[in-house]
Amino acid sequence: MLSVRNIETWYGPVNAIKGVSIDVAPGRIVAVLGANGAGKTTLLKTIAGVVDPFKGSIDFEDATINGLDPDVVARRGVVLVPEGRQIFPFLSVRENLQMGSFARSDKSDIQADIERIYGWFPRLRERVAQHAGLLSGGEQQMLAIGRALMARPKLLLLDEPSLGLSPLLTREIFHIIARINAETGTTILLVEQNAGIALSTAHDGYIMELGRIVAAGTCAALSEKEDVKEFYLGGSASAGKGQARRWKRRKTWR
Ligand SMILES: Nc1ncnc2c1ncn2[C@@H]1O[C@H](COP(=O)(O)OP(=O)(O)OP(=O)(O)O)[C@@H](O)[C@H]1O
Ligand SMILES: [Mg+2]
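So this is what it looks like as structure tokens:
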């Protein structure tokens, strides 16, 4: 469904992505794991057309999408939930969800789609008229995912859905991500620092370090790799600062 081939992305003199290739098959949940600064956000932004790759190609459903504007990429069915959510704080929960459907050619069933999203995120239903800026961090993440789903994406890109959330809420969000995938068949590519929850939710995974992919496989296989256990899953469930530092020092992967 998505085929990223050998992309390089630069911010001026900074080479954030140094030749990355990934594949996302239809119906799968694919996780890209990596420490701070690995290039995870840049990878999603490059796929979504927010930044252009200097080299390489991105194919989605047999058409090349690199070089297209983000709104065109979104209309093709690739929708990004950015890091930090970026909901509209002065609009209500309901209005934020309605905004998500604005580029949709098929405007029927919008109310039914909103109801379906309230089914996954009952907390949003309880807060329909509330300004989105007054929601908690977890509720804002739910709203950001709900708003993206209103576009009826074929491929949903999630940038660190666990960011700033408690372990309990992180588990809740990932449980709902798995339900959305199972119930709608929506393909999901997510990036995460929380390797434990991402590897237990996704089907396939990639590990990214300093702009490169250093390991790939099914999540079951990755979870069994000694390096992954030691540097991602060892000790705490989430990659703490010490863990990320040790991890950055590693040069080779088995
Ligand atoms: N707009 C920008 N201008 C210049 N450099 C940038 C910009 N955005 C990111 N970078 C650099 O590109 C590299 C990759 O950043 P990116 O945000 O993709 O990492 P990340 O894996 O998402 O990190 P985090 O886990 O902290 O979100 C970093 O070295 C960062 O400093
Ligand atoms: Mg990031």
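Numbering follows the numbering used here, with no gaps: position 180 of the sequence shown is 273.
Idealized CB from N, CA, C, for every residue including glycine.
Keep in mind it's a predicted model, so treat the numbers as computed, not measured.
Boundaries of the alpha helix (DSSP H) in which residue i is found, first to last residue
i, result
"I270", "260-277"
"E285", "Note, E285: premise wrong, no alpha helix (DSSP H); beta strand (DSSP E) at 280-285."
"D152", "Unbroken run through D152 is the beta strand (DSSP E), 148-153; no alpha helix (DSSP H)."
"E188", "186-192"
"K133", "133-141"
Residue i CB to nearest heavy atom of ligand 1 below 8 angstroms
i, result
"G298", "no"
"A109", "yes"
"T135", "yes"
"Y325", "no"
"G127", "yes"
"Y104", "yes"
Cα-Cα separation between residue i and residue j, rounded to whole angstroms
i, j, result
"A118", "T135", "21 angstroms"
"Q191", "D206", "10 angstroms"
"I281", "F181", "23 angstroms"
"Q234", "N129", "20 angstroms"
"E276", "I110", "33 angstroms"
"P260", "A131", "23 angstroms"
"P146", "A225", "33 angstroms"
"E219", "N189", "15 angstroms"
"L242", "A141", "15 angstroms"
"A332", "S293", "In this predicted model, A332 has a pLDDT of only 46, less than 50, meaning its place in the structure is not dependable; the value taken from the coordinates is given anyway. Taking the straight line joining both Cα atoms gives about 15 angstroms."
"T265", "A295", "The sequence as given places Glu at residue 265; Thr does not occur at that position. Each residue's alpha carbon lies about 15 angstroms from the other."
"P106", "V143", "18 angstroms"
Opening and closing residue of the beta strand (DSSP E) in which residue i lies
i, result
"G230", "G230 -> not in any beta strand (DSSP E); alpha helix (DSSP H) instead, spanning 230-242."
"T317", "Note that residue 317 corresponds to Glu in the displayed sequence, not to Thr. E317 -> not in any beta strand (DSSP E); alpha helix (DSSP H) instead, spanning 312-317."
"N108", "107-117"
"L250", "248-252"
"V171", "171-174"
"A124", "122-126"
Which of helix, strand or coil DSSP assigns to residue i
i, result
"S96", "strand"
"G212", "helix"
"R305", "strand"
"A295", "coil"
"A288", "helix"
"S329", "Low local confidence applies: a pLDDT of 46 at S329 is under 50, so the model's placement there is unreliable, with the coordinate-based value given in what follows. It is coil, neither helix nor strand."
"G335", "At G335 the pLDDT is 47, less than 50, meaning the model places this residue with poor confidence; the figure from the coordinates comes in the next sentence. Of the three classes helix, strand and coil, the one that applies to G335 here is helix, per DSSP."
"I300", "strand"
"E323", "helix"
Any non-hydrogen atom of ligand 2 within 8 angstroms of residue i CB
i, result
"E302", "no"
"V284", "yes"
"E253", "yes"
"E232", "no"
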